[in-house]
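Shown next, in structure tokens, is the structure this report addresses.
In this note's numbering, the protein residues as written are 3 to 78.
Below is the structure:
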């Protein structure tokens, strides 16, 4: 005979999963001096286009290919 409410041996429930880890982000301090990046300043787009056009002309590209080359070159 089964007792009211279920089987004779009921397996225990599985253990609870571990709690999620919560990484706390670092909040910048308002009174701290901002750090300066050591990345050199990029040349202007016009300067890069001029150099790329000169490189394309030196390579013997025609005007259409030189324009396509200079756009791709300057956007690098």
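Where a beta carbon is used, it is the ideal one built from N, C-alpha and C, also for glycine.
Taking C-alpha positions only, residue 17 is separated from residue 28 by approximately 33 Å. Residue state for residue 37 is assigned as coil, using DSSP reduced to three classes. Inclusion of residue 50 and residue 69 in the CB contact set at 8 Å is not warranted, their separation being larger than that value.
Assigned with DSSP and collapsed to three states, residue 77 falls in coil, not helix or strand.
By the C-beta density criterion, residue 58 is buried, having at least 16 other C-beta atoms within 10 angstroms.
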